[in-house]
Every structure is written in C-alpha cells, then in structure tokens.
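Visitor: Once you've had a glance at the structure underneath, I'll fire off some questions.
Number of protein chains: 2
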Amino acid sequence: MATLTVPPSVPSPAEDAEQLQKAFAGWGTNEDLIISILAHRNAVQRKLIRQTYAETYGEDLLKALDKELSSDFERSVLLWTLDAAERDAFLTNEATKKLTSSNWVLMEIACTRSSMELFMARQAYHARYKKCLEEDIAYHTTGDFRKLLVPLASTFRYEGPEVNMALARSEAKILHEKIHEQAYNHDELIRIVTTRSKAQLNATLNHYNNEFGNAINKDLKADPNDEFLKLLRSAIKCLTCPEKHFEKVLRLAINKLGTDEWALTRVVTTRAEVDMQRIKEQYHKRNSVPLDRAIANDTSGDYKEMLLALVGHEGA
Amino acid sequence: MATLTVPPSVPSPAEDAEQLQKAFAGWGTNEDLIISILAHRNAVQRKLIRQTYAETYGEDLLKALDKELSSDFERSVLLWTLDAAERDAFLTNEATKKLTSSNWVLMEIACTRSSMELFMARQAYHARYKKCLEEDIAYHTTGDFRKLLVPLASTFRYEGPEVNMALARSEAKILHEKIHEQAYNHDELIRIVTTRSKAQLNATLNHYNNEFGNAINKDLKADPNDEFLKLLRSAIKCLTCPEKHFEKVLRLAINKLGTDEWALTRVVTTRAEVDMQRIKEQYHKRNSVPLDRAIANDTSGDYKEMLLALVGHEGA
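Here the protein sequences come in this chain order: U and E. FYI, the UniProt record's numbering numbers position 26 of the first sequence as 26, with every residue one higher than the one before it. FYI, the UniProt record's numbering numbers position 296 of the second sequence as 296, with every residue one higher than the one before it.
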C-alpha cells in the first residue's frame with residue numbers, strides 16, 4: 001500500500017551517489033536529477049546511497065543536500081532521505097522544542113507507528129539527542145497533555161490478534177462511565193487508551209458503539225473546542241483507523257489559506273512507503289478530488305514534483 | 001562482577017544435554033549432577049543446552065526439570081535456566097497476579113536492569129503472555145502505585161554519561177520543593193524519577209544532598225511506614241546503587257523467621273551473572289558475615305547447594 005515507485009532496474013548505490021554528486025556540482029543544482037534518484041529508491045536503497053556517498057565523497061549526503069537545497073523542497077528531501085526511525089526521532093524532537101512544539105505530531109507518531117517502529121525511533125532518539133524521547137515529552141508538556149502523551153510514547157503495545165471479549169465489555173463500560181462523568185482525564189480511561197493492543201482497543205470501541213449507541217469519538221465531542229478532547233479523539237482515530245487521521249491532516253493542510261507545508265511534507269514523507277495508497281483512497285472519497293491533483297493545485301516547483309513523485313503521480 | 005564459575009573446559013551442549021537426561025532417568029533424580037552442570041554454565045551455554053535438549057529428546061528442558069524437581073530447589077533451577085529476558089518476563093508477570101502480586105518485584109526489575117535488558121524483558125512478555133507488561137501493571141495497580149510503576153516499567157532511559165549540571169540543579173530544587181510540601185506523588189517528582197538517565201538522576205541527587213543537607217531518601221522518610229514512600233525510596237536506591245538494594249533484600253530474606261526463599265532465589269538467580277560480587281561485598285560489610293555463610297546457615301539440601309554454587313562458593 002505504498003505509493004513509492006522504484007524502477008525495475010535500479011543503478012548501483014555507487015552510480016546513484018555519483019549522479020547526486022554531479023547534481024550538486026557546478027553552478028546551480030540539478031533538482032530534477034535529485035528527485036529522479038531519491039524519490040524512486042526505497043528505504044534500504046537510500047540507506048546504501050547515503051553510506052556510499054559518505055565513503056566516496058567524505059561528506060554526509062544530508063549535509064550536502066542541506067547546502068544545496070532550500071525551503072519546503074529541502075525539508076521534503078531531507079525528511080525523505082532519513083531512515084524511518086531517524087526521521088521519527090527528528091520530528092518528535094522538533095515537536096518538543098519551543099518554537100516548533102506540537103502535541104499533534106507527538107501523538108501521531110506515538111499512535112500510528114508499529115510497536116517496533118516506535119521503539120526504533122526511541123533508540124534513534126538516544127543516539128542523536130543523548131536523551132530519551134519520553135523525558136523530553138514529559139519535560140515540555142504539563143497536566144492532562146503530559147498524562148496522555150508520555151504513556152502513548154512509552155508504551156510497547158502487544159500486536160497480536162488476540163482479543164479478550166469479556167475485557168472489551170468491561171472496559172467499554174469503564175470508558176462510558178468516565179465519559180458520562182466528563183472525567184476525560186481519568187486514570188482508567190488513559191490506562192485503556194495507552195496500554196491495550198490496537199486489536200483489543202478496537203474490540204472495546206466496537207462494543208462501546210454497540211452497547212451505548214454512539215461511537216466513542218462522538219461522545220468525546222462535548223466541547224468541540226477543548227484542545228485535550230481534540231487530541232484524545234485524534235489519538236483514538238490514529239490507533240484504530242490511521243488513514244482517516246492522515247486524510248484529515250492532508251485536507252486541513254491543503255485547504256488552509258496558504259497551505260500548511262509542514263504537515264503536508266510530514267504526512268507524504270512518512271507515509272509514502274507505508275500506507276499512502278489507502279490515504280489517497282480515503283482522500284479521494286472524502287474530497288471528491290484525487291490527492292495528487294489537490295497537491296498539484298496547491299504547491300509548485302521542485303517541491304510539487306517531489307511530493308507528486310512520492311505519492312506516485314509525476315507531472316500531474 | 002559475576003559470581004558464576006564456569007570450568008575452563010566445558011563439555012559440548014550435546015554432552016551436557018545427555019548428562020542431564022541421565023540425571024532425570026531411572027528411579028530418583030541426580031540433583032548433584034544437575035547442579036554441577038547448569039549452575040556452572042553461562043547464559044549462552046544454558047541456551048544452547050536447552051536447544052540441544054529439545055532437539056534430541058523432544059521435550060523442553062524446563063518441562064523435564066519441572067517434572068523431576070520440587071519446591072525451592074525447583075524454583076531456583078527453573079529461574080536460573082531461563083534466559084534473563086524470559087526470567088524477567090516471568091517474574092514481572094507473577095508480580096501482577098493476585099496471589100503473588102508484588103510492587104517490589106516490579107520496581108526492582110524496572111529500575112535495576114539496563115534499558116535494553118528491560119526492553120528485551122518486555123519483548124519476551126509479548127511472546128509468552130500475548131499482552132504487554134505495562135498493560136498488566138496498569139491493570140493490577142491503582143493510584144500512586146500505578147502512577148509510579150507504569151512509567152518506571154515503560155521508560156527507555158538514555159544511558160550515556162552526559163550530565164546537564166544546570167538541569168541537575170533546577171530539578172534538585174523541584175524535588176526539594178515537592179518533598180517539603182509532602183507532595184510525594186507530584187507529577188514533577190514522578191517525571192524526574194521515571195524519565196531521567198541514571199547518570200543525570202545521580203547528579204541531581206548529589207546536588208540535592210549538597211544543597212539541602214540531607215540525602216533525598218532521608219527526607220522521604222517522613223512516615224517510615226508509608227508503603228508508597230518505601231517503594232519510592234527503594235526505586236531511588238535501585239536506580240543509583242542497586243547493590244545496596246539487593247543487600248537489603250537478601251538481609252531481610254535471611255534474617256526473617258523462616259527465610260523468604262522467594263526473595264533469596266530471585267536475587268541469587270537474577271544477579272549471579274551480573275553484579276553478585278558487589279552485592280556480596282556489600283552484604284559482608286553490612287552484616288559482618290559473608291553472604292555464602294549466611295545462606296549456608298539458613299538453607300539446606302539441594303537448594304542450599306544450588307544457591308552456593310551460584311554465589312561462587314560450593315560446600316561452604
């Protein structure tokens with residue numbers, strides 16, 4: 001369900017590294033050449049190119065890209081070139097910094113990655129920032145946001161398909177009670193959302209819907225402007241149907257006056273190799289326009305070409 | 001600093017497996033032979049013996065031991081034979097069960113293992129129990145105990161030597177304020193104890209001691225019988241000088257009328273390959289009697305021989 005397209009016959013990492021070096025050399029940069037290479041190599045291939053580039057030219061490819069490129073195009077190429085764990089470490093670190101702080105990004109990464117992907121991001125965080133992810137999240141958040149985000153980012157959820165139906169019933173009841181009491185930050189509600197496996201949580205929420213007549217996210221909309229409730233609803237959406245979450249992020253980013261390039265770049269670079277096909281379907285269904293056309297109408301230049309290559313439709 | 005002794009020339013796993021099978025065969029069991037093999041093989045060697053045994057005799061070695069042995073001796077051999085991650089998963093699972101529940105064991109394992117060891121125990125927990133460790137801890141604890149234990153068990157602390165002295169000063173101040181207000185379960189106190197690296201925490205506590213005149217654990221003794229404060233003090237001890245914690249557990253286990261074999265077995269089997277040498281030194285210093293003599297006086301039979309072999313002094 002990735003949208004990344006890799007040509008049937010791929011040049012060797014040494015050839016790719018050489019072409020990239022040529023794209024940087026001389027006056028001006030050959031952006032088309034950079035896109036034609038990097039946007040059409042999978043994670044393993046990009047990693048080998050980076051290794052080979054460093055060995056051959058004595059410079060990290062990311063440094064070279066950083067020198068040659070700028071603005072949104074630069075950010076999209078850099079994020080894409082990082083491997084998934086490093087990229088998540090980078091994005092979460094950014095999200096704990098004052099000027100770029102974002103509870104949304106923290107929640108999205110904690111809830112939409114597999115348990116092992118999240119753990120590898122935490123390992124990459126150690127390596128790069130000499131700290132752990134959860135200490136930065138805990139330090140930079142307070143109150144209910146901290147209470148929800150720290151366990152979301154620290155958990156190592158079980159991922160098997162096993163579901164305990166009796167537990168699903170009893171925990172659906174707990175959730176309903178707490179929501180009815182408007183105790184949205186109750187320990188038990190946080191415990192269920194932050195520790196149960198996605199399969200178990202799904203069973204609990206299905207039971208909630210059947211038994212109490214509403215989807216839980218409808219009941220969590222008492223005050224539609226409450227920021228904590230918004231984050232909680234999005235966390236539940238990310239845990240149970242991530243493509244709907246990503247569709248909404250893309251929709252808001254594109255429909256916004258001026259386009260939210262940070263969100264657009266984040267979703268495209270983090271999902272192109274994972275579930276972008278599903279997100280595209282969801283987007284088309286919800287907006288009656290294909291995602292690539294929406295992106296093409298809203299962006300321009302090399303940035304546009306890069307995003308379109310990653311969502312699988314060049315020259316749209 | 002392990003106390004495990006492995007002979008200079010070790011038989012092949014196939015020979016060891018064959019000897020073990022002979023020890024089980026016939027009328028009665030040859031406990032001495034079992035001890036002479038298993039109590040003198042390191043983790044890698046025991047793992048190979050278990051694999052070879054299963055391949056050769058079509059039965060898990062642990063099953064066979066379970067059939068042949070009984071009571072405290074059985075528990076010590078089984079725990080020792082498990083690899084460290086499986087053993088920690090087993091002990092923490094036991095500690096979340098009603099009849100064997102123990103916040104102490106959960107705290108001890110969460111705070112004295114390296115970040116990677118704790119993570120591997122959490123992986124082993126998935127594999128064996130089809131659930132995650134933190135969901136069982138969260139489900140089986142409440143209130144302040146949950147608030148402390150879940151993040152302790154979920155964190156993946158940074159382990160580098162880097163220390164931020166300005167942060168140590170500011171967080172020592174926060175700790176002192178909260179303790180002064182008797183807000184022992186305050187979010188900020190929990191955050192610092194559960195997320196900072198051991199090196200950073202140590203710097204913070206040194207600064208606390210220098211600046212405020214008391215070691216933190218002295219200030220946390222307002223009510224010496226408060227169970228939460230006891231657990232918090234022990235967590236701090238485990239994070240900063242684990243050998244003192246283990247010495248105390250052994251001392252209480254041995255001095256207790258009737259001996260606490262569960263604690264004794266747990267500490268010996270989990271530390272023999274890690275830091276038992278330091279624990280022995282600490283024990284001797286604190287009790288003016290060597291640990292092996294204390295164990296020999298307090299236990300008997302095969303169980304005694306097994307423990308003595310693991311602490312590095314047979315036939316004491």
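Every residue gets a Cβ at the ideal spot worked out from N, C-alpha and C, and that includes glycine. Here the structure is a predicted model, which is why all the values come from computation and not from measurement.
What residues in its chain sit with their C-beta under 7 angstroms from that of V163 of chain E, if we drop five residues either side in the sequence?
Guide: A199, Q200 and A203.
Visitor: Identify whether G315 of chain U lies in helix, strand or coil by the three-state DSSP scheme.
Guide: Confidence at G315 of chain U is low in this model, with a pLDDT of 48, below 50, so the placement of that residue is unreliable and no value is reported for it.
Visitor: Taking P290 of chain U as the reference, give the member of U:P13, U:G301, U:M276 and U:Y303 with the closest Cα.
Guide: Residue U:M276 is the option with its Cα nearest to P290 of chain U.
Visitor: Would you call the CB atoms of Y139 of chain U and C132 of chain U closer than 8 angstroms?
Guide: No. Outside cutoff.
Visitor: So, is P13 of chain E buried or exposed, given that buried needs 16 or more other C-beta atoms within 10 angstroms?
Guide: With 16 or more Cβ atoms within 10 Å of its Cβ, P13 of chain E is classed as buried.
Visitor: Give the residues of chain U in contact with Y158 of chain E, contact being defined as C-beta atoms less than 9 angstroms apart.
Guide: Simply Y125, H126, Y129, K130, K131, C132 and E135.
Visitor: For chain E, find out if any of its Cβ atoms is closer than 8 angstroms to the Cβ of E162 of chain U; answer yes or no.
Guide: Yes, because at least one Cβ of chain E sits closer than 8 angstroms to the Cβ of E162 of chain U.
Visitor: Are E305 of chain U and I137 of chain U touching if we call contact CB-CB under 8 angstroms?
Guide: Going by C-beta atoms, E305 of chain U is not nearer than 8 angstroms to I137 of chain U.
Visitor: What is the rounded straight-line gap between the Cα of V249 of chain U and the Cα of K97 of chain E?
Guide: Taking the straight line joining both Cα atoms gives about 42 angstroms.
Visitor: N217 of chain E and K237 of chain E - do their beta-carbons sit closer together than 8 angstroms?
Guide: Yes, the Cβ-Cβ distance between K237 of chain E and N217 of chain E is below 8 angstroms.
Visitor: So which residues of chain U does residue 393 of chain E contact, with C-beta pairs closer than 8 angstroms?
Guide: Beyond the ends of chain E as shown, which are 1 and 316, falls residue 393 of chain E; an answer cannot be given.
Visitor: Whose C-alpha, out of E:E74, E:K178, E:Y129 and E:T194, is nearest the C-alpha of P161 of chain U?
Guide: Among E:E74, E:K178, E:Y129 and E:T194, the Cα nearest to that of P161 of chain U is on E:Y129.
Visitor: Consult DSSP for R113 of chain U and reduce its assignment to one of helix, strand or coil.
Guide: Coil.
Visitor: With the cut-off set at 8 angstroms, would you say H40 of chain U and V77 of chain U are in Cβ contact?
Guide: Cβ distance not < 8 angstroms, so H40 of chain U and V77 of chain U don't count as in contact.
Visitor: How long is the line joining the alpha carbons of A85 of chain U and K256 of chain E, rounded to whole angstroms?
Guide: Their Cα atoms are separated by approximately 50 angstroms.
Visitor: Nearest-angstrom Cα distance between D223 of chain E and R233 of chain E?
Guide: Those two C-alpha atoms are separated by around 12 angstroms.
Visitor: Under the rule that 16 or more other beta-carbon atoms within 10 Å means buried, what is K22 of chain E, buried or exposed?
Guide: It counts as exposed.
Visitor: Of all the CB atoms in chain B, is at least one closer than 8 angstroms to the CB of T155 of chain E?
Guide: The structure shown contains no chain B; its protein chains are U and E.
Visitor: Helix, strand or coil, according to DSSP, for R271 of chain E in the structure here?
Guide: It is helical.
Visitor: For the region 93–109 of chain E against the region 55–66 of chain E, do three or more pairs of beta-carbon atoms, one drawn from each stretch, fall closer than 8 angstroms, so that the two count as touching?
Guide: Touching, no, given that fewer than three Cβ pairs across the two stretches are closer than 8 angstroms.
Visitor: Taking Cβ-Cβ distances below 8 angstroms as the criterion, which residues of the region 16–32 of chain U are in contact with chain E?
Guide: Per Cβ criterion, the list is empty.
Visitor: Taking Cβ-Cβ distances shorter than 8 angstroms, what residues in chain E pair up with F246 of chain U?
Guide: By Cβ distance, chain E contributes nothing, its closest Cβ being about 25 angstroms from F246 of chain U, past 8 angstroms.
Visitor: Let me know the secondary structure DSSP gives W27 of chain E once reduced to three states.
Guide: W27 of chain E: coil per DSSP, three-state reduction.
Visitor: For R169 of chain U, which residues of its own chain have a beta-carbon under 6 angstroms away from its beta-carbon, when the five flanking residues on both sides are left out?
Guide: So the qualifying residues of the chain are H207.
Visitor: In the DSSP assignment, find the alpha helix (DSSP H) that holds L152 of chain E and state where it starts and stops.
Guide: Element bounds for L152 of chain E: G143 to S154.
Visitor: So, do the region 147–155 of chain E and the region 178–195 of chain E have three or more beta carbon pairs nearer to each other than 8 angstroms?
Guide: Touching, per the Cβ criterion.
Visitor: Just the C-alpha distance for R46 of chain E and A272 of chain E, rounded to the nearest angstrom, thanks.
Guide: Computed Cα separation, rounded: 14 angstroms.
Visitor: What whole-angstrom Cβ distance do F90 of chain E and L82 of chain E have, given they're in contact under 8 angstroms?
Guide: At roughly 6 angstroms, the Cβ-Cβ gap stays under 8 angstroms, so F90 of chain E and L82 of chain E are in contact.
Visitor: For the alpha helix (DSSP H) containing C132 of chain E, list its first residue and its last residue.
Guide: Run containing C132 of chain E: none; DSSP gives neither H nor E here.
Visitor: Considering just the uninterrupted stretch of the alpha helix (DSSP H) at K98 of chain U, what are its terminal residues?
Guide: Segment: none, K98 of chain U is in no alpha helix (DSSP H) and carries neither H nor E.
Visitor: What did DSSP end up calling G258 of chain U once you bin it into helix, strand or coil?
Guide: Three-state DSSP puts G258 of chain U in coil, outside helix and strand.
Visitor: With a threshold of 16 other CB atoms inside 10 Å of the CB of L252 of chain E, please say whether the residue is buried or exposed.
Guide: Exposed is the call here.
Visitor: Between the C-alpha atoms of R50 of chain U and V10 of chain U, what's the straight-line distance to the nearest angstrom?
Guide: If I take the Cα positions, the gap works out to 15 angstroms.
Visitor: Taking C-beta pairs closer than 7 angstroms, name the residues in chain E that R122 of chain U reaches, listed in chain order.
Guide: Neighbours of R122 of chain U on chain E, chain order: F156.
Visitor: Does the beta carbon of A253 of chain U come closer than 8 angstroms to any beta carbon on chain E?
Guide: No, A253 of chain U lies away from the interface with chain E (no Cβ there is under 8 angstroms from its Cβ).
Visitor: When the distance is taken between beta carbons, is E68 of chain E closer than 8 angstroms to T29 of chain E?
Guide: Cβ atoms of T29 of chain E and E68 of chain E: closer than 8 angstroms.
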